[in-house]
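Number of protein chains: 2
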Amino acid sequence: MKKNPTQDITTEQLILATAEKLFLEKGYSLTSTTEIAKIAGCNQALVHYYFRTKDRLFDAVFKKHSTIFISSLLQRMEDHLSFEEKVRKKVEIHFDVMMENPGLPFLFFNEINTNPGRLNQLKVQIGNSENSFISQIESELSLEIEKGAIRPMTATGLLLTILSMNLGLFIAGPFLKTITTMQDSEYQNLMDHRKRENTTVILKSLRPE
Amino acid sequence: MKKNPTQDITTEQLILATAEKLFLEKGYSLTSTTEIAKIAGCNQALVHYYFRTKDRLFDAVFKKHSTIFISSLLQRMEDHLSFEEKVRKKVEIHFDVMMENPGLPFLFFNEINTNPGRLNQLKVQIGNSENSFISQIESELSLEIEKGAIRPMTATGLLLTILSMNLGLFIAGPFLKTITTMQDSEYQNLMDHRKRENTTVILKSLRPE
DNA sequence: GCATAAATTAATTGTATTATTAAATATACA
DNA sequence: TGTATATTTAATAATACAATTAATTTATGC
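Line order of the protein sequences matches chains A and B. When you line the first sequence up against this note's numbering, it's residues 1 to 209, in that order. When you line the second sequence up against this note's numbering, it's residues 1001 to 1209, in that order.
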C-alpha cells in the first residue's frame, strides 16, 4: 500500500503537513498544489487524488487550526482558581498558543477577508462551546462587580479585550520586527516581556473606579 | 486628452481608485489587473500603460495608505493637552482612522506575510517621524513615573499597547461579526462601545501599584 | 485643419495554475 | 502465483493572468 514502508507517515499525511506549512506561511492563493507536491516530493496529481480540490485541502488545514485557536480562547479554566487567576491563566494560555502558531492569525484573517463563508463552519464549534469559559466566569464576574471589586463589564467584553490585546500584538509584532530589523532573540525577548505586559494591562483594566 | 471630459477625474485616477478598493478588499494576489480594468470600465492594457506592472500599482496604493496609518499612530498631539488627554486622544484618533479604513490592517498584514520587502519603504517614513509622538511624551512620561502617578513603562511600550488594542479589535471585530451574523447597526454599536472601552483599558493600564 | 503626441484598444504571447484522465506501478490477499 | 485494489505518475486540457505590441482613436498645439 505504501511506497516507502520504512517511514510510518503516510503520503497523505505528508501532503497535509506540507500544505499546512505553506498555507500558514503564504495563505491560500499564493500556495499552489504544484508547490505543495514539489516540496512533499510527490506528483502534483497525488495532491488531488487525496484531497480532490485545493479548497478541500485548505479546509482540512483550516479546520484543524481553527480548533486549536478557538479552544485556547474558549476552554474553561480549572474551577479551583480564583477569578483573577482564571483571567491571568486565560491570557497566558491564549498567548502561548499564538506564540506556538504564529501563522494562525494570518490564516484566519485572510479567510475573513477573502472567503467569509468558510467561517460558517466555526459557528457550530463556537456555539457548542459557548457555555465554556464565558459561562464559567459569568456569575463569578457579576459577583465581583456587585462587591465593587471589579468595574462593570460583561464576560464577553472581557474576553474580547483579551483577544484584542493578544491578537493585536501578534499582528503588530512581526510588523515591528520587520521594520526595525530585529534579531530573532530580541524579538523573543520582546514577546516574553509583552506577555507579562498584556497580562498586567488586562488585570489592571478590571479595577473599579 | 481625456475621453470623457465631463468628469474631472482622470482615467489614471479612476484606475488607481478602483485598484485601491479591490486591493483593500481582497489583497494583492486575489485582485487581477483584468478585474481592475473591468470595474474601472477600461481596457486591461490601460492599467499597464499607466502603472507598468501590477506590483507598481499596488505600491502606489500601499504607499498612500501606509502613510495614513503610520501618521495616525505617530503624529504628535497638541502640546497644551495633559498627558492623559494626549494618550486618550491618540487612542481615539488611531481608532477613528482604522474605522474609516477597515481594509487597512488586512493590507498591511498581508504584506508582512507575503512580501515583507515592501515594508522596507516604511522604515524611512517611520525613522523620520520617530521624534514625533514618542519623543513628545517621553519626558512627560518619565516625569509622571517619578511622581508615582504612572507605573514604570516606556513610551514605545505604551504605543505598542495602543496599537495592539486597536489593531486587535479591528481584526477580531469582523471575525465576530461574521460568526455571530451581526447586523451592520449592531456592529456599529459594538465598535462605538469598544472605542470607549479601549480608551478605558489603556488609561487604566497606566495606573501605578 | 493638420501634424504630433497622448490615450485607448484589440490581439497575442508566455506562463502558471487547477483539475482530470489514462496508464503504470506497487501492495494485499486468497 | 495471480488478480483485484490502492497508489503514483505522465500527459494534458482548460483557464486565468500579467505583460507586451501594434494599431486605432482622441485630444492638443500650432
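We put the CB at the ideal spot given by N, CA and C, even for glycine.
Under the three-state reduction of DSSP, glycine 1173 of chain B is assigned to helix. At a cut-off of 7 Å between beta-carbon atoms, serine 1135 of chain B makes no contact with chain A. A straight-line Cα-Cα distance of about 15 Å links tyrosine 28 of chain A and phenylalanine 1106 of chain B. Interface residue (Cβ-Cβ distance to chain A less than 7 Å): valine 1201 of chain B is classified as such. Interface residue (Cβ-Cβ distance to chain B less than 7 Å): threonine 31 of chain A is not classified as such.
Here the C-alpha atom of serine 32 of chain A lies approximately 34 Å from the C-alpha atom of threonine 1011 of chain B. Under the three-state reduction of DSSP, glutamate 1209 of chain B is assigned to coil, being neither helix nor strand. Annotation for isoleucine 93 of chain A: Ser72 place their beta carbon closer than 7 Å to its own, counting only its chain and skipping 5 residues before and after. In the three-state reduction of the DSSP assignment, glutamine 1183 of chain B falls in the coil class, being assigned neither a helical nor a strand state. Arginine 1151 of chain B: not part of any alpha helix (DSSP H); DSSP gives it neither H nor E.
Shown in chain order are the members of the region 1088-1107 of chain B whose Cβ falls below 9 Å from a Cβ of chain A: Gly1103, Pro1105 and Phe1106.
The continuous alpha helix (DSSP H) containing proline 1105 of chain B extends over residues 1104-1114. In summary, valine 124 of chain A is exposed, with fewer than 16 beta-carbon neighbours lying within 10 Å of its beta-carbon over all protein chains present. Under a criterion of Cβ atoms nearer than 9 Å, no residue of chain B is adjacent to isoleucine 145 of chain A; the nearest Cβ is some 15 Å distant. Looking from the CA of proline 102 of chain A, the closest CA among A:Lys54, A:Phe170, A:Ser66 and A:Ala17 belongs to A:Phe170.
Listed in chain order, the positions of the region 1112-1127 of chain B with a beta carbon within less than 7 Å of a beta carbon of chain A are Ile1112, Asn1113, Thr1114, Pro1116, Leu1119, Leu1122, Lys1123 and Ile1126. The residue from A:Ser82, A:Ile15 and A:Glu25 with its alpha-carbon nearest to that of proline 174 of chain A is A:Glu25.
Distances from the alpha-carbon of leucine 1206 of chain B to those of B:His1080, B:Val1047 and B:Ile1162 put B:Ile1162 closest.
Residues of chain B whose Cβ lies closer than 9 Å to the Cβ of phenylalanine 109 of chain A are, in chain order, Pro1105, Phe1106, Phe1109, Asn1110, Ile1171, Pro1174 and Phe1175. Among the residues facing chain B, lysine 195 of chain A is not included, as its CB has no counterpart in that chain under 7 Å away.
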